[in-house]
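Student:
Residue numbers (full-length UniProt numbering): 1 to 601.
#1: Candidates 133, 589 and 475: which alpha carbon is nearest residue 459's?
#2: Could you check whether the region 359 to 369 touches the region 410 to 421, counting it as contact only if at least three pairs of C-beta atoms, one from each stretch, sit closer than 8 Å?
#3: Starting from the C-beta of residue 594, find all residues in its chain whose C-beta is less than 6 Å away, skip the five residues before and the five after it, and write them out in chain order.
#4: With DSSP as the reference, label residue 416 as helix, strand or coil.
#5: Does the beta-carbon of residue 125 have 16 or more other beta-carbons within 10 angstroms, so that it is buried, or is it exposed?
#6: Taking residue 515 and residue 477 to be in contact with their CB atoms under 8 Å, please state how far apart those CB atoms are, rounded to whole angstroms.
#7: Which same chain residues end up closer than 8 Å to residue 312 when comparing Cβ atoms and leaving out the 5 residues on each side of it in sequence?
#8: Spatial neighbours of residue 389 within its chain, please: C-beta separation below 6 Å, excluding the five flanking residues on both sides.
#9: Out of 193, 212, 537 and 520, point me to the one whose CA is closest to residue 589's CA.
#10: As an exercise, report each continuous alpha helix (DSSP H) stretch of at least 4 residues that is fully enclosed by the region 487 to 546, in chain order.
#11: Between 554, 493 and 549, which has its C-alpha nearest residue 566's C-alpha?
#12: Between which two residues does the alpha helix (DSSP H) harbouring residue 461 extend?
#13: Straight-line CA distance for residue 569 to residue 175?
#14: Closest to residue 562 by CA distance: which of 582, 581 and 597 is it?
#15: Hey, would you say residue 357 sits closer than 7 Å to residue 343, going by beta carbons?
#16: Can you give, in chain order, each stretch of the beta strand (DSSP E) that sits fully within the region 570 to 601 and has at least 3 residues?
#17: Say whether the region 315 to 335 touches the region 296 to 303, bearing in mind that this needs 3 or more beta-carbon pairs closer than 8 Å, one atom from each stretch.
#18: Assuming residue 467 and residue 447 form a contact by the criterion Cβ under 8 Å, report the distance between their Cβ atoms to the nearest whole angstrom.
#19: Alpha carbon to alpha carbon, what distance is there between residue 436 and residue 504?
#20: Identify every residue that forms a DSSP beta bridge with residue 159.
#21: From 420, 412, 148 and 335, pick the residue whose C-alpha is nearest to that of residue 428; which is it?
#22: Sort out for me which residues DSSP pairs residue 221 with in a bridge.
#23: Please classify residue 544: is it buried, with 16 or more other beta-carbons within 10 angstroms of its beta-carbon, or exposed?
#24: Suppose contacts are defined by Cβ-Cβ distances below 7 Å. Is residue 153 in contact with residue 168 by that definition?
#25: Quick check: what's the CA-CA separation for residue 294 versus residue 441?
#26: Where does residue 568 fall in DSSP's three states?
#27: For the region 523 to 539 against the region 263 to 283, are there 3 or more C-beta pairs whose distance is under 8 Å?
#28: Since I believe residue 267 is in contact with residue 232 (beta carbons under 8 Å), could you give me their beta-carbon distance rounded to a whole number of angstroms?
#29: Confirm, please, whether the CB-CB distance from residue 215 to residue 239 is below 7 Å.
#30: Do you know whose CA, among 135, 491, 201 and 400, lies nearest residue 172's CA?
#31: For the region 520 to 532 and the region 483 to 499, state whether three or more C-beta atom pairs, one from each stretch, are separated by less than 8 Å.
#32: Keeping to the same chain, check which residues put their C-beta closer than 8 Å to that of residue 319; ignore five residues upstream and five downstream.
#33: Would you mind sorting residue 552 into buried or exposed? The rule is 16 or more other CB atoms within 10 Å of its CB.
#34: Sorted by chain position, which residues of the same chain lie with C-beta nearer than 8 Å to residue 273's C-beta, five sequence neighbours on each side aside?
#35: Roughly how far, in whole angstroms, is the beta-carbon of residue 270 from the beta-carbon of residue 264, given that I think they are within contact range, below 8 Å?
#36: Using three-state DSSP, classify residue 110 as helix, strand or coil.
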């Protein structure tokens with residue numbers, strides 16, 4: 001009786017579920033063999049929901065093969081109960097879930113308007129649609145006959161042992177439930193809309209080629225071969241690579257330097273006005289916001305000048321993700337009215353290395369921007385990178401203000417303690433001058449080291465080799481420690497203690513140290529012309545006066561000392577030789593030892 005009752009109950013449940021789902025119960029049977037737990041269904045499958053709830057498990061072959069397109073793929077997305085989630089109420093009417101996160105919520109209140117992307121789909125920031133879709137995919141136990149070949153790690157167990165099953169199982173290819181980055185229409189599109197909303201942009205694009213790819217897209221979208229673009233010379237190499245790809249012609253603005261620190265600053269308003277006046281046909285102005293050292297120019301004023309002259313403003317915000325979410329930080333590009341911004345989510349936003357966002361204003365056609373992106377971006381985008389962007393955006397939108405308030409407090413404490421050691425100088429807003437050092441990013445722990453007789457790269461090496469502390473970079477007179485979402489007070493104390501001991505053990509007389517980090521370029525031809533011109537190799541010692549055919553730079557930070565098309569000057573050679581002697585990591589040349597350089601014939 002017990003078994004019969006159970007069978008009757010199971011049958012009743014199955015029949016009720018099938019009836020609710022629209023399956024005819026006349027032809028639905030449940031096996032008495034409980035151990036097999038197999039269901040067989042015949043015909044009259046009415047819709048996708050019923051198939052999802054009552055899909056049979058077939059150990060050998062299916063008894064029913066769908067024939068129509070609707071049966072194969074189900075109804076259109078707007079008719080699917082499990083399709084795109086749209087809020088049944090206006091988001092602002094749903095209490096407890098913030099719609100806009102971080103700085104953008106303040107920006108939206110000030111301006112009284114939302115980003116254009118949010119007018120199409122007002123998704124709440126507590127969601128991570130792409131990450132959620134990947135979890136659903138993982139639960140579905142799909143049989144894979146597509147790439148990647150490791151098949152969720154089954155083909156290479158060492159991947160699972162090293163990275164973990166949770167990671168390897170979602171290293172997958174583009175497919176319907178997971179959308180496609182080169183033409184997103186569902187969960188990736190939703191993730192991009194959420195990012196645009198959170199950052200106060202018209203549109204946002206998930207980027208898997210790093211912020212280098214985002215910078216290149218900005219230049220290639222706004223400039224074609226022969227077009228002028230105004231930029232400071234202390235740009236990242238990706239910006240000059242973009243000139244090679246696009247054929248755009250740089251109009252370099254001397255950023256000026258801080259006399260004590262020797263570091264390049266931002267572009268002064270006077271210099272920008274002069275560049276606009278002398279080059280009224282320029283298409284755009286590229287701005288660092290902030291620089292590697294945390295220096296920001298007067299971005300709002302630069303935007304005002306550029307737009308008045310009919311030029312676009314592109315912001316390299318590789319080190320400025322947090323500006324959108326913290327309080328009392330320099331203004332982020334989108335809030336300042338810039339037209340495009342390349343944002344390194346992985347640097348300070350907490351996503352995986354190589355993941356980035358490209359933000360654009362509502363005036364851009366997103367299809368045209370995507371067309372440019374797809375020229376250089378992979379067609380096999382990593383879902384690990386994209387999901388990390390989705391999850392990190394959610395974290396910043398919901399918690400970013402609190403996170404970066406804590407980060408700033410940690411950085412301020414570290415600055416105070418480092419300066420108390422003596423000899424070092426951890427600079428702050430006291431250097432702001434209202435022009436080319438208009439604002440300072442306080443999350444950057446930039447420390448001047450020359451006064452203790454050590455180059456920044458030497459302190460960098462000592463911290464890494466002797467104290468197991470990895471900082472961002474060291475140059476000839478400064479070092480940079482980046483504080484972000486993952487830092488804690490314990491690590492700050494270790495850094496402070498190590499710096500104190502380094503001073504005690506290794507300090508020396510600073511006489512004879514190189515004082516200027518910036519080498520003013522002498523441009524002879526465009527980067528594109530030089531890159532494709534005939535060249536030959538010369539020893540560095542014999543290259544004075546020749547035109548460089550390749551980059552030479554310390555990496556990090558990746559700001560060229562020489563770029564293709566620039567004259568090799570005595571100042572450039574002195575800097576290169578000095579950097580090599582002090583252990584800087586030199587890159588850019590074909591010769592990996594950087595003893596020789598390619599020059600134009």
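Backbone N, C-alpha and C define an ideal beta-carbon position, used for all residues, glycine too. These numbers come from a predicted model, not from an experiment.
Tutor: According to the data block:
#1: Here residue 459 refers to the residue found at position 459 when the chain shown is read from its first residue. That would be 475, whose Cα lies nearest to the Cα of residue 459.
#2: no
#3: Here residue 594 refers to the residue found at position 594 when the chain shown is read from its first residue. Excluding residues within five positions, the ones whose Cβ falls inside 6 Å are 586.
#4: For the purposes of this step, residue 416 is taken as the residue at position 416 of the chain shown. Note: residue 416 maps to helix in three-state DSSP.
#5: Start at 1 with the first residue of the chain shown, and residue 125 comes out as number 125. Buried: at least 16 other Cβ atoms inside 10 Å.
#6: To locate residue 515, count along the chain shown from 1; it is residue 515. To locate residue 477, count along the chain shown from 1; it is residue 477. Yes, they are in contact, since the Cβ atoms of residue 515 and residue 477 sit about 7 Å apart, within 8 Å.
#7: By one-based count along the chain shown, residue 312 stands at place 312. The answer, listed in chain order, is 222, 283, 284, 285, 306, 339 and 340.
#8: In the chain shown, residue 389 corresponds to position 389, counting from 1. 206, 345, 351 and 355.
#9: Position 589 of the chain shown, counted from the start, is the residue given in the question as residue 589. For residue 589, the nearest C-alpha among the options comes from 537.
#10: 489 to 506 and 527 to 532
#11: As a first step, residue 566 must be located in the chain shown, where it is residue number 566. Closest by alpha carbon: 549.
#12: As a position in the chain shown, residue 461 is number 461, starting the count at 1. Element bounds for residue 461: 456 to 467.
#13: For the purposes of this step, residue 569 is taken as the residue at position 569 of the chain shown. For the purposes of this step, residue 175 is taken as the residue at position 175 of the chain shown. So the alpha carbons of these two residues sit roughly 53 Å apart.
#14: In the chain shown, the residue the question calls residue 562 occupies position 562. Residue 562 has its Cα closest to that of 597, out of 582, 581 and 597.
#15: Within the chain shown, numbered from 1, the residue matching residue 357 stands at position 357. Within the chain shown, numbered from 1, the residue matching residue 343 stands at position 343. Yes.
#16: 596 to 600
#17: yes
#18: Taking the first residue of the chain shown as position 1, residue 467 is located at position 467. Taking the first residue of the chain shown as position 1, residue 447 is located at position 447. Rounded, the Cβ-Cβ distance is 15 Å, inconsistent with contact.
#19: Within the chain shown, residue 504 is the residue found at index 504, counting from 1. Within the chain shown, residue 436 is the residue found at index 436, counting from 1. Answer to the nearest angstrom: the Cα atoms are 35 Å apart.
#20: Here residue 159 corresponds to residue number 159 of the chain shown, with the count starting at 1. DSSP output for residue 159 lists no bridge partner at all.
#21: If you number the chain shown from 1, residue 428 lands on position 428. Of 420, 412, 148 and 335, the residue nearest in Cα terms is 412.
#22: Counted from its first residue, the chain shown places residue 221 at position 221. The partner list for residue 221 (beta bridge, DSSP) is empty, contrary to what the question assumes.
#23: On the chain shown, position 544 is the one that residue 544 refers to. Classification of residue 544: exposed, given that the 10 Å Cβ count is below 16.
#24: Here residue 153 corresponds to residue number 153 of the chain shown, with the count starting at 1. Here residue 168 corresponds to residue number 168 of the chain shown, with the count starting at 1. Cβ distance < 7 Å, so residue 153 and residue 168 count as in contact.
#25: Locating residue 294 in the chain shown gives position 294, where the first residue counts as 1. Locating residue 441 in the chain shown gives position 441, where the first residue counts as 1. Rounded to the nearest angstrom, the two C-alpha atoms are 5 Å apart.
#26: As a position in the chain shown, residue 568 is number 568, starting the count at 1. Here residue 568 sits in coil by DSSP.
#27: no
#28: Locating residue 232 in the chain shown gives position 232, where the first residue counts as 1. Locating residue 267 in the chain shown gives position 267, where the first residue counts as 1. Right, their Cβ atoms sit about 5 Å apart.
#29: Translated into positions along the chain shown, residue 239 becomes position 239. Translated into positions along the chain shown, residue 215 becomes position 215. For residue 239 and residue 215, yes; Cβs fall inside 7 Å.
#30: Locating residue 172 in the chain shown gives position 172, counting from the first residue. Selected option, being the one with the closest Cα: 135.
#31: no
#32: As a first step, residue 319 must be located in the chain shown, where it is residue number 319. For residue 319, where only same-chain residues beyond five positions count, the Cβ hits under 8 Å are 290, 291, 292, 294, 344, 347, 348, 441, 444 and 482.
#33: Taking the chain shown and counting its residues from 1, one reaches residue 552 at position 552. Its Cβ being crowded by 16 or more others within 10 Å, residue 552 is buried.
#34: By 1-based counting over the chain shown, the position of residue 273 is 273. Counting only Cβ-Cβ distances below 8 Å, and skipping sequence neighbours, we find 305.
#35: Walking along the chain shown from the start, residue 270 turns up at place 270. Walking along the chain shown from the start, residue 264 turns up at place 264. Wrong, their Cβ atoms sit about 16 Å apart, outside the cutoff.
#36: Numbered from its first residue, the chain shown carries residue 110 at position 110. Low local confidence applies: a pLDDT of 34 at residue 110 is under 50, so the model's placement there is unreliable, with the coordinate-based value given in what follows. Residue 110 falls in the helix class under three-state DSSP.
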